[in-house]
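Heads up: take any position in the sequence shown, counting from 1, add 983, and you land on our numbering.
A virtual CB, placed ideally from N, CA and C, is assigned to each residue, including glycine.
Notes follow once the structure below has been shown.
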Amino acid sequence: MTEATLIRKGLFRKVLRAILMMVSIAIAFFIFAVLGAVNKAFNAGVDVAAANRLVTVNAINFTVSMPYAYYGRVQGVEGITHVTHANWFGGYFQQPANFVQTFAVDPESYLDVYPELILPPEQREAWLTTRTCLIVGQALATQYGWSVGDRIPLNSNIWQQADGSSAWDFDICGIFTAEDSSVPTNYAMFHYDYFNESLAFARDTIGWMILTTEDVSLNDQVADEIDAMFANSPAETETTTEAAFSQAFIEQLGNINLILTSVIGAAFATILMIVGTTLVLAINERTKEIAVLKTLGFQSGRIFRMILTESFLLSLIGGGIGLGLAAGLVVLIAGAFQSFLPGFGMPLSVVWQAFALMIGFALVTGFFPAFNAMRIRIVEAFGKL
């Protein structure tokens, strides 16, 4: 009988118990992988943020607007290469349930600040020259079945036109993609001038400014100069990196990282105690069998290796099943989350973390049972019978 056969027989000595332990481990890794994918999608904006890109918002809160005049003053700050501005539109298509993430922007400077966004030359020209143009990200266009040339109305749940209407009519003149697939394309943009001239209130204000610096080393200097420029004004500013701004935006929903870490930690702690205790009891049940193996010449180190291998197999099989089920679920529901979490998928980093956890889990749960098995003395083992 080979060592591999002995390991398999030992692992499935009690089939139901082995299956239940694998199911427990699979549940833990299923939770880890799904929540890891969600967390990665939530932080997609942070991960793809350019290091030399800064965001200036109202110091009170990023939802509070600033005077449009700030845009012109910031352009004169030394160390800035490009600067643009944006307003949150709060759009929806046909009915409020059809949320459309929409921004009113300066058409030319916005593309200068975000060179990773790709528009075909003819669509770019239409974007720059057509007042009612709306450019739509590929993910959003796919979601609603839109194409270039469509004329659509978008309603706002925040803004209202001077005539009392909350609907703006747009001509889709471009569909943009991104150089990196991890860059979100689940939103739309239109001309700030078209937006501003028709507003019933809050004209000549902007939501935030985005700017790029000549070098990352100038970030702090530029940020301090901008904030000092508007200090003691009715609308003081706060300038941070794009990554910090994205993180702050996510945290408006709550501390996602803490919530997910707590859930995952609780799941793993519970499964760790269950599996660890079960393995210790299983080894105690096999005291006589291990003593027989030692009588047949199996060295203590070999016994240790065999028991630890059982723990690794248990962890890898259970964890692999959980990871596979999680990946399948993510693929099935990814389409439904595209408008809210465009980067939702099973990242390779989560897969590698899961395998690292499987190894760590196997070591933690298997070391002490294997160590106890290694220390079993033949005389004492048979003396218990």
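Residue pairing by DSSP places Trp-1151 opposite Leu-1137 in a beta bridge.
By the criterion of at least three beta-carbon pairs nearer than 8 Å, the stretch 1132-1140 is in contact with the stretch 1069-1078. With fewer than 16 neighbouring CB atoms inside 10 Å of its own CB, Gly-1128 falls in the exposed class. Rounded to whole angstroms, the gap between the alpha carbons of Thr-1222 and Asp-1210 is 7 Å.
Secondary structure of Val-1088 (DSSP, three-state): strand. DSSP lists Ile-1189 as the beta-bridge partner residues of Met-1049.
Leaving aside the five residues that flank Leu-1018 on each side, the residues in its chain whose CB is nearer than 7 Å to its CB run, in chain order, Leu-1243, Val-1246, Ile-1247. Secondary structure at Tyr-1097: coil, using DSSP grouped into helix, strand and coil. Taking every protein chain shown into account, the CB of Trp-1191 has 16 or more other CB atoms within 10 angstroms, so this residue is buried. Only residues of its own chain outside the window of five on either side were considered, and among them Gly-1062 have a CB closer than 7 Å to the CB of Gln-1204, listed in chain order. Taking a C-beta distance under 8 Å as the contact criterion, Thr-1168 and Gly-1120 qualify as a contact pair. In its chain, beyond the 5 residues on either side, Val-1066 have a beta carbon closer than 6 Å to the beta carbon of Gln-1058.
By the Cβ neighbour-count rule, Met-1289 is buried, with 16 or more other Cβ atoms within 10 Å of its own. Here Ile-1043 is exposed: its Cβ has fewer than 16 other Cβ atoms, across all protein chains shown, within 10 Å. In the structure shown, the three-state DSSP call for Thr-1196 is strand. Of all alpha-carbon atoms in Arg-991, Ala-1016, Lys-992, the one lying nearest the alpha-carbon of Leu-1340 is that of Ala-1016. Taking C-beta atoms as the reference points, Thr-1188 and Asn-1202 fail to come closer than 8 Å. Collapsing the DSSP output to three states places Leu-1264 in a helix. A contact is defined here as three or more CB-CB pairs under 8 Å, and the stretch 1302-1317 meets this definition with respect to the stretch 996-1011. Taking C-beta separations shorter than 6 Å and ignoring five residues to either side along the sequence, the partners of Phe-1295 in its chain run Ala-1345, following chain order. Between the stretch 1153-1168 and the stretch 1103-1121, the count of C-beta pairs closer than 8 Å reaches three or more; the two stretches touch.
Arg-1036: member of the beta strand (DSSP E) spanning 1036-1041, first to last residue.
Within the DSSP secondary-structure output, Trp-1071 pairs in a beta bridge with Phe-1086. The beta carbons of Ser-1048 and Ala-1206 sit about 20 Å from each other, so the pair does not count as a contact at 8 Å.
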